[in-house]
Structure formats: structure tokens, C-alpha cells
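Student: I'd like to ask you about the structure that follows.
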Amino acid sequence: MEEKNTDLQLDDLVRVDNLQLLYHQSYPAIFASLISAALLSAVLWPVQQKEVLISWFIILTYTAIVRLILFMLYNHVKPQGKDILAWEMPYFVTQLLSSISWGIGAVYIMPIDSQLHQVVIYYFLMGLSGGAIFVYSANRTMTLVTIASLLLPITGWFLIQGGLLPMGLVMGAVVFYIYTIRAGKILSLTLNKSFMLAHELNNAKEAAETLALKDELSGLNNRRAFYEKGKMLVDYCQRNNEVFSVITIDIDHFKKINDKFGHAAGDATIIQVGSILLQLIHKSDLCARIGGEEFAILLKASASDAAVQLAEKLRQKIAATPIAFNGEDIAISASFGVADGNLDLDTLLKRADAALYKAKETGRNRVVCDECDAEEMQSRLNAKRLLSLIG
């Protein structure tokens, strides 16, 4: 929907839906109001002063133009998310002006000497009120205020007039308003529940999708997410002829940690390594836990030298950060394999795994690139450190 509404509470999301619906379905009501006013003016033309009818129609036309401009601005701006709520008050004010123009205007154009035409005006207002129940049902307050603006002035006028017919019309208006309160409540609650259920289902779906792609323990992507997102990232890099690299990581002696300190210590190790990876990698990089103690990073637009530098930085950070567990510090380390090239993801992972296996064979707690042996890799890193010190 558009920009995600993560900053909005569920109640605000429902308000946004209601307001969007109001702007969508009440647009034709602007023209229906003018058409009704024109018809009523034609009916009253023989019995009411022309200046009175024309002045009332001009006022209604003015309010209709104001509402039309508001709707045009709304459609031009196309607000999204919480920005839509800023359009709630202008909608309410312009709608109230239109309703008051009808309600007070009905008294203004009322012919004193013709009860037949008084009844005609009354039924026009009742018709508009009935339409308001359905057009503005998304907002119960707006529905009740609109109908009150339409019916209260003429109801008060009939009370002042007295007589059997006016009192009968007053009773009809009272009954209708009571019905409106109940019907409006039912419609509004039903609509709000529908919107709320839709958002709850959408939130549940998003949560399920997140859980399906996230490793709960480390807070990283899981294996499935790594392959799904990784293949898309690799395809993008290949189409744009960009270099990319893969780093595979394996925690050293992880089984010994579990055997000596228990699985809770193993979990703490996974959590800490995941936290370090999240701290040091870029947001554009794809990082995942792909096995028990195995991790992988896919770096966009990075050759092996840059990937090796990142791997070495991660290696040092992991080795320098023991696990605090049950009052003692558990020293940990990890081995790294690095590979780059414009290849498919599976092939690149195999090459990085081969380099990782070499790192394990040659003593662990080191970084190995698949293009060179461990000693050459260490020489490269030492040379880079020396250059940075000289610079």
C-alpha cells in the first residue's frame, strides 16, 4: 500500500482507510448536492422569491466549488501513510459548510404559505440525510454531524410553527435521527472492524514472511533468505558487470564450546557473532546464518581485497570479544574464506568454502582467499597495514 505505514498505530491505519474511502466515494455527492438544489429550486420557483432561491443556490455552488478544489488537490498530491490524516480536518470543515448551507438554507427558502412545498423541502432533506448515512458511514461522527446540520434547523422551524402537520414532520425527523444513530453505529463499526481485520491479517502475513526469512537466534537472514536475496543481487551485479564477493565464516571449535559449557553457551556465541556482523557490515551487504555455526556475507561491488579487509576486521573483532557466560569469559575465534568473481552464487560459495576449509587446515582463526594461500594473504594484509601507517 504504497509507502509502508510502520509508524502508524492500528487505530490510525483504520482512520487512514476511512479517510481514503470518504474522499473516494463522496466525490459524486458534490454534484448530487447541486443537482438536488437545482431541482428543489425549480419546484419552489412558482412560490418563492427568485432572489431568495438564486442567492441560496449561489451559496451552495460556492461550497461545492470549495469542496471540489479540495478533492482536486487531494488527488493531485496523492498523500500516503500518515500524511493522509492531515486532510481529515479540511474534509470535515468543507463537508460541514455544505451541510449547514442546506440545513439553514432550507429554512431560508421555506415558503410560508404552502405546506405542500414545506413537505417537499422536508423530504429533500430526508433524502440527503439518507444518502449521508451511506456516503459518510466510514466516519460515524461526520455522519451524525451532517444529518444534524441538515435536519435540526428545519425541525426547529416546524416546532415554532406548531400545528398537526409540522408536529408530525418533527416526530418523523426525531424517529429518523434515532434510527440514524443506531444504523450509523452499526455501519461504522462493521466497516472499522473490516479495515482492522485487513490490517491485522496483513501484519500477521508480514510477520510470518519475516520469520520465514530470518534466523531468530542471530538476528540475521536465514539460509533461505540468503539464497533468495543473494541470487537476485548476483543477477543484478552480472547484468551491470559489477564485481561481487562472498565471505564464508565458521566459528572455531564450536562443538567444544557446546560440550564444555552447554548449548546455552553455544547460543550466546551465535548471538554475539551475529551482533558483530550486524555492527560491521554495510546495509547494502547481505549477511546470513546458513548453518549451525556457519555464516555467509555477499558483498556487492567489492573485489577480493576489500572483502579480505572486511573479513580480517571481523576476525579481529570476534577474537577480541570473549563470551561472558556464567561468570567467566569464553574466548572464541572464527575462520574465514573469501572468493570473488562474476560467477553464479553456488559456484562462488563453493570457492569461498574451499578457502574456508584451507583456513581451518592451516590453524584456524585466519582469513584465506581462494586465489592465494594463507601466507600470501597475510602478507597482503601486513602490507596494507604498513601503507595505512605510512599514509
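Numbers 1195 to 1585, taken from this note's numbering, label the letters of the sequence shown in order. Beta carbons: idealized from backbone N, C-alpha and C, even for Gly.
#1: Can you give me the Cβ contacts of LEU1213 inside the same chain, cut-off strictly under 6 Å, excluding the 5 residues immediately before and after it?
#2: Please state whether DSSP places LEU1493 in a helix, a strand or coil.
#3: Sort ASP1453, TYR1371, SER1308 by Cα distance to VAL1339 and report the nearest one.
#4: Here's the rule I'm using: 16 or more other beta-carbon atoms within 10 Å means buried, otherwise exposed. How should GLU1569 be labelled?
#5: Among LEU1537, ILE1248, SER1308, GLU1422, which has the Cα closest to the Cα of CYS1481?
#6: Along the chain, which unbroken stretches of the alpha helix (DSSP H) at least 4 residues long are found entirely within the region 1202 to 1282?
#7: Of all the options VAL1437, MET1320, GLY1356, TYR1316, which has the alpha carbon lying nearest to the alpha carbon of LEU1537?
#8: Go ahead and pull the three-state DSSP assignment for LYS1408.
#9: Ignoring anything shorter than 3 residues, give me the beta strand (DSSP E) runs that lie fully in the region 1415 to 1498, in order along the chain.
#10: Give me, in chain order, the residues of the same chain whose beta-carbon lies closer than 8 Å to that of SER1220; leave out the 5 immediate sequence neighbours on both sides.
#11: Mind reading off the beta-carbon distance from ILE1484 to ARG1417? Whole number of angstroms is fine, and I expect it under 8 Å.
#12: On the three-state DSSP scale, how would you describe ILE1315?
#13: Helix, strand or coil for SER1529 per DSSP?
#14: Run the CB neighbour count on ILE1263, radius 10 Å, all protein chains shown included, and call it buried at 16 or more, exposed below.
#15: Assuming ASP1523 is part of the beta strand (DSSP E), what are its boundary residues?
#16: Excluding the 5 residues preceding and the 5 following ALA1226 in the sequence, name in chain order all residues of the same chain whose CB lies nearer than 8 Å to its CB.
#17: What residue does the beta strand (DSSP E) around ALA1518 start on, and which one ends it?
#18: Once DSSP output is grouped into helix, strand and coil, what is the label at ASP1538?
#19: Nearest-angstrom Cα distance between SER1498 and LEU1492?
#20: Verify whether the separation of the beta carbon atoms of HIS1311 and VAL1241 is less than 8 Å.
#21: Taking the C-alpha atoms as reference points, what is the distance between GLU1487 and PRO1273?
#22: Beta carbon of LEU1493: closer than 7 Å to some heavy atom of the ligand NAD?
#23: Evaluate the contact criterion for the region 1519 to 1530 versus the region 1472 to 1479: three or more CB pairs, one atom per stretch, below 8 Å.
#24: Considering only residues of the same chain and omitting the five flanking positions on each side of LYS1425, which have a CB-CB separation below 6 Å?
#25: Just reading off the alpha helix (DSSP H) that PHE1342 is part of, what are its end residues?
#26: Compute the Euclidean distance between the alpha carbons of GLU1565 and ALA1533, then round it to the nearest angstrom.
#27: Smallest Cα separation from LEU1474: which of ASP1446, ASN1452, ARG1509, LYS1387?
#28: Can you give the Cα-Cα distance for GLY1589 and MET1336, rounded to whole angstroms?
#29: Checking 8 Å against the spacing of the C-beta atoms, do SER1293 and ILE1253 come in under that value?
#30: Does the beta-carbon of ILE1464 have 16 or more other beta-carbons within 10 angstroms, so that it is buried, or is it exposed?
#31: Strictly by DSSP, which residues pair up with VAL1562?
Tutor: Once the coordinates are examined:
#1: Correct list, in chain order: ILE1278, GLU1282.
#2: In the structure shown, LEU1493 adopts extended strand secondary structure according to DSSP, grouped into three states.
#3: For VAL1339, the nearest C-alpha among the options comes from TYR1371.
#4: Note on GLU1569: pLDDT 47, under 50, position unreliable in the model; no value is reported.
#5: Selected option, being the one with the closest Cα: GLU1422.
#6: Segments of the alpha helix (DSSP H) lying fully in the region 1202 to 1282: 1204 to 1219, 1221 to 1238, 1244 to 1271.
#7: For LEU1537, the nearest C-alpha among the options comes from VAL1437.
#8: Looking at LYS1408 - three-state DSSP - the assignment turns out to be strand.
#9: Positions of the beta strand (DSSP E) runs, each at least 3 residues long and wholly inside the region 1415 to 1498, are given as 1438 to 1445, 1480 to 1483, 1488 to 1494 in order along the chain.
#10: Closer than 8 Å at the Cβ level, and outside the excluded window around SER1220, lie GLN1289, VAL1329, TYR1330.
#11: With 8 Å as the limit, ILE1484 and ARG1417 qualify as a contact, their Cβ atoms being about 4 Å apart.
#12: Helix, per DSSP.
#13: Three-state DSSP puts SER1529 in a strand.
#14: That one is exposed.
#15: Where ASP1523 is concerned, the enclosing beta strand (DSSP E) starts and stops at 1522 to 1524.
#16: Excluding positions up to five away in sequence, the list reads GLY1325.
#17: Its beta strand (DSSP E) spans residues 1517 to 1519.
#18: Judged by DSSP in its simplified three-state form, ASP1538 adopts coil rather than helix or strand.
#19: For SER1498 and LEU1492, the distance between alpha carbons rounds to 11 Å.
#20: Judged by their CB atoms, HIS1311 and VAL1241 are nearer to each other than the 8 Å cut-off.
#21: Cα to Cα, the separation comes out at about 46 Å.
#22: The ligand content of the structure shown is nil, which means the ligand NAD is not present either.
#23: By the Cβ test, the region 1519 to 1530 is not in contact with the region 1472 to 1479, since fewer than three Cβ pairs between them sit closer than 8 Å.
#24: Correct list, in chain order: LEU1539.
#25: First, the amino acid is wrong: residue 1342 is Ala here, not Phe. Counting along the chain, the alpha helix (DSSP H) containing ALA1342 begins and ends at 1334 to 1355.
#26: Cα-Cα distance, rounded: 8 Å.
#27: Nearest in C-alpha terms to LEU1474, of all of ASP1446, ASN1452, ARG1509, LYS1387, is ARG1509.
#28: The requested residue 1589 is not part of the displayed model; the chain covers only 1195 to 1585.
#29: No. Outside cutoff.
#30: With 16 or more other Cβ atoms within 10 Å, it is buried.
#31: According to DSSP, VAL1562 bridges with GLY1531.
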